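Numbers 20 to 624, taken from this note's numbering, label the letters of the sequence shown in order.
The beta carbon of each residue, even a glycine, is placed where N, CA and C say it ideally should be.
Computed from a prediction, not measured in an experiment: that's the story for all the values here.
Single-structure report; data block below.
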Amino acid sequence: MNDAVPAPIPAPAPRRARVRAPELIGKGGWLNTGGTELTLADLRGRITILDFWTFCCINCLHVLDELRELEEKHRDTVVIIGVHSPKFVHEEEHRAVVDAVERYQVHHPVLDDPELATWKQYAVRAWPTLVVIDPEGYVVAQHAGEGHAHAIERLVAELEAEHEAKGTLRRGDGPYVAPEPVATDLRFPGKALRLPSGNFLVSDSTRHELVELAADGESVVRRTGGAGVFNEPQGLALLPDGRVAVADTVHHQLKAYDPVTGAVELLAGTGRQWWQGSPTSGPATEVALSSPWDVAWWNDRLWIAMAGVHQLWTYDPEAGTVQVAAGTTNEGLVDGPAADAWFAQPSGLAAAGERLWIADSETSSVRWIGTDGVVHTAVGTGLFDFGHRDGEAGQALLQHPLGVTALPDGSVAISDTYNHALRRFDPASGEVTTLATDLREPSGAVLDGDEIVVVESARHRLTRLRLPEEAVRVEAVAHRTRRAATDVAPGALRLDVVFQAPAGQKLDTRYGPSTRLLVSSTPPELLRAGDGAGTDLSRELEIDPEVTEGVLHVSAMAASCDDDPANEYPACHVHQQDWGVPVRVTADGAARLPLVLAGMDEQRA
């Protein structure tokens with residue numbers, strides 16, 4: 020008699036929707052392949068992850084970092100392909116994409132798709148978006164936004180097992196070919212600071228160092244840091260005690276550097292990225308930060324441009340605390356009281372008396388906050404309009420500025436990064452002018468007497484300019500973000516944010532609803548009903564037939580946890596994404612708008 024308990028029959032894996040993957044095409048060609056043009060046939064037998072990104076986007080940079088561990092762990096079965104899909108005109112330039120791939124240390128093949136051909140083929144609607152293709156060439160998952168690495172890790176393990184058993188998995192080296200390194204004293208520097216000694220301190224972002232240069236701005240005096248000490252440092256600010264605050268961007272921390280001894284000390288941040296629901300104030304080293312990009316001492320506090328969550332924070336060295344000072348985490352351009360204002364990737368700060376100037380990069384704007392705590396916009400209109408146009412500030416245009424510098428006369432110099440220019444806004448006249456052109460991705464500038472020293476990030480150097488008395492004249496150019504509008508019908512429009520919890524997880528409802536949906540529109544009149552916040556990921560909107568076009572702004576969040584009743588402390592993960600969906604209202608337009616946060620839209624598959 021056999022008393023052995025029969026082994027349980029494993030539950031069948033859930034059926035995944037299978038859609039044949041479209042071919043990969045891009046007019047800019049391939050990077051990091053040694054000159055080889057890749058096709059999907061070349062990738063057959065491997066698990067392929069397409070990362071639709073653009074280098075202006077902080078969320079895209081977060082995803083690059085999230086994928087590094089998976090990329091290393093599964094290097095013999097997984098191929099990550101970056102599909103560079105530009106938002107700004109500058110990002111259409113092939114040289115700029117080559118620079119970005121090196122700047123952000125992308126160690127996988129990248130397809131340069133300046134015309135968004137592959138983006139359209141895969142019906143992508145947001146940066147970043149990840150698409151998983153199985154070894155037989157079928158799309159099996161799509162994820163928009165950040166925080167999906169754990170879910171993709173689970174899916175990769177399932178696909179490895181499934182296709183190993185079927186004999187359709189091919190292991191081996193991937194198609195990545197590293198480019199030849201280039202020797203320069205600086206490599207994609209971010210910001211600069213003039214030290215009391217007269218020397219310059221530069222954040223050398225790609226090499227993860229601080230570099231002290233002599234007063235000539237060229238001779239290297241000392242290097243500090245390297246990988247492990249800093250990770251893509253950016254902003255620098257002098258503290259009252261003589262040390263320098265450093266925005267250690269990818270470490271999500273603030274550090275203090277002593278220019279006399281070379282010592283580095285942690286000021287704020289846990290080393291983990293801030294997510295919705297995390298504390299927004301408290302002891303500085305116990306509160307998570309998110310991609311601090313610049314810092315400035317103003318109003319007895321260190322102010323932080325928290326690019327990763329579209330906010331301003333402050334650090335109080337006396338109390339040893341941090342807290343949110345302005346912004347809601349919603350991405351956009353909304354002025355008013357600090358707590359209600361919207362920013363979009365603030366990346367540059369400059370203190371000037373009763374104003375703190377802000378380079379708000381994704382809205383191509385310059386803004387300021389006063390000592391009364393109210394946020395104002397000086398130049399710029401929103402997420403989708405940009406260009407190079409001087410004149411009255413209300414109609415002037417910038418293109419993704421990363422830096423601002425207060426000038427002695429009360430005006431502000433603007434490092435207009437994607438226009439390769441140094442611009443100036445004069446609050447007295449309300450005019451925007453161009454001070455210099457033919458710079459290469461200027462990301463910051465610092466005064467030195469009657470000269471201004473510009474960080475030419477993509478030329479890997481500091482460039483000294485005499486402040487001109489007269490502005491340089493340039494031909495006015497205006498642009499809008501190039502994305503095809505979605506045709507929607509007037510009246511009822513069903514919005515479905517598609518979210519499927521990763522295998523082995525479920526929505527976390529222990530402390531209330533685990534999902535959040537925020538909807539608004541530009542212009543506001545586009546929506547007759549359906550705007551505002553809620554917890555259901557599906558909603559009925561009503562489109563005004565009198566408004567012919569606009570943008571739907573959708574922000575979604577979902578929290579999922581390990582589905583194991585025996586685990587008292589299950590691991591939980593937050594998935595979130597913001598969409599700006601250009602729409603055109605037409606009689607034969609769609610009555611449903613699906614946006615994939617995670618999984619597959621079964622109604623479309």
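Beta-carbon proximity list for residue i, same chain, < 8 Å, skipping 5 on both sides
i: W138; result: F71, V102, S104, D132
i: G355; result: V393, V394
i: A26; result: Because the pLDDT at A26 is just 41, under 50, the model does not fix this residue reliably, and the point stays unresolved.
i: W146; result: F71, W72, T73, C76, N78, C79, S104, K106
i: R63; result: P154, E155, G156, R189
Simplified DSSP assignment, three categories, for residue i
i: Q292; result: strand
i: Q519; result: coil
i: A357; result: helix
i: A425; result: strand
i: S540; result: strand
i: S476; result: helix
i: K46; result: coil
i: A234; result: coil
i: V306; result: coil
i: A23; result: With a pLDDT of 39 at A23, under the threshold of 50, the predicted position of this residue should be treated as unreliable, and no value is reported.
i: Y588; result: coil
i: D447; result: It should be pointed out that residue 447 corresponds to Ala in this sequence rather than to Asp. If DSSP states are grouped into helix, strand and coil, A447 belongs with coil.
i: V507; result: strand
i: Y195; result: coil
i: L188; result: coil
i: T148; result: strand
i: A397; result: strand
i: E110; result: helix
i: A345; result: strand
For residue i: DSSP bridge partner residues
i: S384; result: D379
i: A264; result: A256, A275
i: A577; result: T534, H594
i: Q622; result: Partner(s): none; Q622 has no beta bridge.
i: K525; result: C580
i: F405; result: H498
i: L486; result: DSSP output for L486 lists no bridge partner at all.
i: P461; result: E475
i: Q161; result: V150, G618
i: S557; result: D515
Contacts around residue i, its chain only, beta-carbon distance under 7 Å, and the 5 residues preceding and following it disregarded
i: A455; result: A440, L441, L484, V491
i: A425; result: A369, A370, A371, W376, V431
i: R478; result: R459
i: A168; result: E85, L86, L89
i: A415; result: V398, R408, D409, V451
Continuous alpha helix (DSSP H) stretch holding residue i: start and end
i: A184; result: 168–185
i: K92; result: 77–92
i: W138; result: 136–140
i: A115; result: 113–122
Proximal residues to residue i (C-beta, below 6 Å), its chain only, five neighbours per side dropped
i: V314; result: G254, A256, A264, A266, L321, I323
i: E111; result: P105, P133
i: G16; result: What is shown of the chain runs 20 to 624, which leaves residue 16 out entirely.
i: L50; result: V120, V129
i: G164; result: Q595, Q596
i: E350; result: H329, A363, D597
Residue j beta carbon less than 8 Å from that of residue i
i: G301; j: T340; result: yes
i: P542; j: V566; result: yes
i: F518; j: L612; result: no
i: A357; j: S366; result: no
i: L560; j: G553; result: no
i: S384; j: L421; result: no
i: A40; j: I152; result: yes
i: H127; j: E90; result: yes
i: L69; j: I100; result: yes
i: L545; j: V516; result: no
i: G399; j: E450; result: no
i: L214; j: V465; result: no
i: H329; j: T348; result: yes
i: S540; j: V570; result: yes
i: D582; j: K525; result: yes
i: A307; j: T289; result: yes
First through last residue of the beta strand (DSSP E) which encompasses residue i
i: C591; result: 591–604
i: A363; result: Segment: none, A363 is in no beta strand (DSSP E) and carries neither H nor E.
i: D223; result: 219–223
i: L331; result: 330–335
i: A315; result: 311–317
i: A700; result: For residue 700 there is no data in the structure shown, the boundaries of the chain being 20 and 624.
i: P105; result: Neither: P105 is in no beta strand (DSSP E) and is coded neither H nor E.
i: A324; result: 320–325
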